[in-house]
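Residue numbers (the numbering used here): 369 to 840.
Rendered as structure tokens:
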């Protein structure tokens, strides 16, 4: 199952449909609309430069728009009915944008031609786009129903509920695509009624290794009411990963209307969302990250060159400093900064910097106060390991110490770490674990209130701190 290839197919046919619709609409404008402006005179038809530019610009607009609204997320889990509604709504909004951007200066015979143009463009674009999407999605759904496509699924729990759900899903008329690789027990003393149907992969303490080893894509939580005290512990681990989580609703949940499900033929499972932002905001955030970072690298390039010369001539060592940090979903990555300390500042063991740290070079103090040492991290943002705004990434050495005192710290791994953060703006650099814990409060507030609005406010305050040079 190749998600990149599946996404590429949707991208290609969306582009092709948009180009085909625009070409047909161009002919309609030239053959139907414009002659009304010239009172029926024979207007020579030709494919202009604008036509060929439109065949590139218009489809790229649609692809970007679909990305922002989150159409290409979770590409294998698609519903034809929901896709119909999504294609309809995005077509309406997109056509309106194109009308005001490109069609207002058209030659028209009367204002009614505007209505005809908008209606025609919508009909062409919507019908062609959904036609190709319907084919692709139908093919995928049929492969899932025939069990040619499956999603590695882990059952957490081994009770009667788990057995019932497993049997129901195994005998579904239209399988949902779950490929069970095994189950894990909540404790070593539990009775495993699933052991005759599925391999027992371990216990709850082994869950991290099992998720990685078995490449788990979906998890089903089959817990008894008395086991719900372990739910938070389980979700803390799973929610930090790109895994779809399903749960079995209790009778109380159903009676209190607290659950939602999207399946008719399958087991009544509820989806436990681990999304922190609406899909369109999450994609817009990523788009802003990339565009802003590209502009920042271009804008700060002369500053980077000047600082690089000063760093190189004022102290021995490289211009750039590389260090491994822990990023989204707990995966390590290399962070890049302009060097602000002497070489081998942490030769013996990891050590955080303090306000009067002798290891910081003279230019390094200026870099830290203005946050100019962070310039190379725009490259990290473009590569996808970081975001403009998010919790500051830490080293595993310190994370292990933090987690002992604040286990909820791992919730921050749901997010891409950021060049700046709420904690960075309010608190600054931390010089010890106690200060990291104080800063954690602000980062947890960001996690609970994340939005594009909050991101913009943090960016504005970061710029103010950098310009004033009063960063810690």
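By construction, the Cβ of each residue, glycine as well, lies at the ideal position given by its N, Cα and C atoms.
Quick caveat, the model's predicted, so the values are computed rather than measured.
query	result
Residue 824 - DSSP class collapsed to helix/strand/coil	helix
Sub-7 Å separation of residue 518 and residue 547 beta-carbons	yes
Range of the contiguous alpha helix (DSSP H) that encloses residue 754	Run containing residue 754: none; DSSP gives neither H nor E here.
Residue from 420, 567, 439, 402 whose Cα sits closest to the Cα of residue 376	439
Cutoff 7 Å; reference residue 513; Cβ partners in own chain excluding five residues on either side	542, 543
For residue 383, the nearest candidate out of 506, 422, 688, 829 (CA to CA)	422
Sequence ranges, alpha helix (DSSP H) only - wholly within the segment 409 to 495, length at least 4	417 to 436, 448 to 466
Own chain, CB closer than 6 Å to residue 489, minus 5 neighbours either side, in chain order	393, 463
Status (buried if at least 16 other CB within 10 Å, exposed otherwise) for residue 697	exposed
Beta carbon proximity, residue 823 to chain D, threshold 7 Å	Although the question refers to chain D, the structure presented lacks it and comprises just one protein chain.
Cross-strand partners of residue 784 (DSSP beta bridge)	Partner(s): none; residue 784 has no beta bridge.
Three-way DSSP call (helix, strand, coil) for residue 521 in this model	strand
Exposed unless 16 or more other CB atoms sit within 10 angstroms - verdict on residue 537	buried
Proximal residues to residue 435 (C-beta, below 6 Å), its chain only, five neighbours per side dropped	651
Alpha-carbon spacing of residue 767 relative to residue 417, whole angstroms	57 Å
C-alpha gap between residue 615 and residue 637, whole angstroms	6 Å
Where residue 693 sits in the DSSP three-state scheme	strand
Contacting residues, own chain, Cβ-Cβ under 7 Å from residue 633 (five flanking each side not counted)	Unreliable positioning characterises residue 633 in this predicted model, as indicated by a pLDDT of 48, which lies under 50. The coordinate reading is nonetheless provided below. Cβ neighbours of residue 633 beyond the five flanking positions: 540, 541, 542.
Endpoints, the alpha helix (DSSP H) within which residue 791 is located	790 to 794
Own chain partners of residue 530 with C-beta closer than 6 Å, once the 5 adjacent residues on each side are dropped	523, 562, 590
Selected residue, minimal CA-CA separation from residue 756, among 444, 661, 579, 799	661
Residues near residue 566 by beta carbon distance below 6 Å, same chain, minus five either side	548, 550, 551
For residue 332, the first and last residue of its enclosing beta strand (DSSP E)	This structure does not reach residue 332, given that the chain is present from 369 up to 840, and the question cannot be answered.
Strand pairing of residue 548, partner residues [DSSP]	521
Span of the alpha helix (DSSP H) around residue 698	Counting along the chain, residue 698 falls outside any alpha helix (DSSP H), and DSSP gives it neither H nor E.
CA-to-CA distance, residue 493 to residue 451, given in whole angstroms	15 Å
Burial state of residue 686 (16 or more Cβ within 10 Å)	exposed
The segment 763 to 778 / the segment 829 to 838 touching (three or more Cβ pairs under 8 Å)	no
Cβ pair residue 505, residue 445 closer than 7 Å	no
Secondary structure of residue 604, DSSP reduced to three states	helix
Residue 737 to residue 679 span [Cα, whole Å]	16 Å
Close Cβ partners of residue 791 (< 6 Å) along its chain, the five nearest in sequence each way excluded	807, 810, 811
Simplified DSSP state of residue 739, which is helix, strand or coil	coil
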